[in-house]
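Numbering (full-length UniProt numbering), first residue to last: 1 to 277.
Heads up, the thing below is written out as structure tokens.
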């Protein structure tokens, strides 16, 4: 024997969905398909939202559901906290928003940069901003290093290279960047420039010194132009001229010359002539 349950004209069916809202029907009513007149159903705010006014229930009244008045707003997370030597940049401080940590110049981020506003507050922990520190400057053969600051070499610390002999190829000064790396590779000290073995980029600058016993004629600093020329022109190193003086009893001659006495003159006179060897 089968029984058929018929719904009264005053009963209500499943409550219609609420558009453009952040609410959902309470779990205990989800499986029901029929509600009698005078029965209430209850709603909750979605995850990340909180009630902000209006009743949480609606009523079945003679086959029709009354409007739902419940209003839900995003949860507020507030500030993500303070960071020493840094700060957070926010898209907002409500559910679904993010806070991104940014360190001050010269500091590096340790930890996750981004926190998310979740149902129970901000995710994760605050990162830390640590001072950018460069490793000890690279040693250069035949060069001396002068530090304008002492270690640790933090952001903007500058060191200067100088060659004991030869030509400095590269940057004379390098500095510690905000990323904890030196601004350029260490230079080299070379006795002379081997252009067939070394390639220089546009705007590269070199400092030139002549070997011992030579003097420079021209500029000591040149740079590489777009067309591959050095500007100004490379200097020349010319052998230093040395004069040796020989002392005689009454006069001094440049060595390599002889003094000749002219006996026909009334007074004793000498002339200087090259010495033929």
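For glycine and all other residues, C-beta sits at the position ideal for the given N, C-alpha and C.
Between the region 87-95 and the region 59-67 there are fewer than three inter-stretch CB-CB distances shorter than 8 angstroms, so the stretches are not counted as touching. Only residues of its own chain outside the window of five on either side were considered, and among them 224 and 226 have a CB closer than 7 angstroms to the CB of residue 202, listed in chain order. At a Cβ-Cβ threshold of 7 angstroms, residue 153 and residue 176 count as neighbours. Our two residues, residue 110 and residue 121, have alpha carbons roughly 22 angstroms apart in a direct line.
No residue range can be given for residue 70, since it is assigned to no beta strand (DSSP E) and is classified by DSSP as neither H nor E.
The residues 163, 164, 165, 166 and 189, in chain order, have a CB closer than 7 angstroms to that of residue 142 in the same chain once the five nearest residues on each side in sequence are set aside. For residue 101, the enclosing beta strand (DSSP E) has its first and last residue at 98-103.
Within its own chain, the residues whose Cβ lies closer than 8 angstroms to the Cβ of residue 184, once the five positions on either side in sequence are excluded, are 170, 171 and 174, listed in chain order.
Our two residues, residue 105 and residue 79, have alpha carbons roughly 22 angstroms apart in a direct line. Your pair residue 49 and residue 95 checks out as a contact, with CB atoms roughly 7 angstroms apart and the cut at 8 angstroms. Every candidate alpha helix (DSSP H) stretch fails here, since none sits fully inside the UniProt domain "Sushi" (200-239) while reaching 4 residues.
Residues of the same chain with a CB within less than 7 angstroms of the CB of residue 217, apart from the 5 flanking positions on each side, are 235, 236 and 238 in chain order. The three-state reading of DSSP puts residue 28 in helix, counting H, G and I together.
Counting along the chain, the unbroken beta strand (DSSP E) around residue 107 starts and ends at 107-110. Residue 241 holds the alpha-carbon nearest to the alpha-carbon of residue 215 among 241, 221, 232 and 56. Beyond the five residues adjoining it in sequence on each side, residue 103 comes within less than 7 angstroms, by CB distance, of 85, 86, 109 and 129 in the same chain, given in chain order.
For residue 190, the three-state secondary structure derived from DSSP is strand. Under the DSSP assignment, residue 40 falls in the beta strand (DSSP E) whose first and last residues are 40-45. Between the alpha carbons of residue 101 and residue 51 lies a gap of roughly 31 angstroms. Counted as a single uninterrupted DSSP element, the stretch harbouring residue 165 is not any beta strand (DSSP E), since DSSP gives it neither H nor E. Burial is judged here by how many other beta carbons sit within 10 angstroms of a residue's own beta carbon; residue 36 has fewer than 16 and is exposed. Boundaries of the beta strand (DSSP E) around residue 87: 86-90. Per DSSP, residue 147 is one residue of the beta strand (DSSP E) stretching across 143-147. In this structure, the straight-line span from the alpha carbon of residue 17 to that of residue 39 is close to 17 angstroms.
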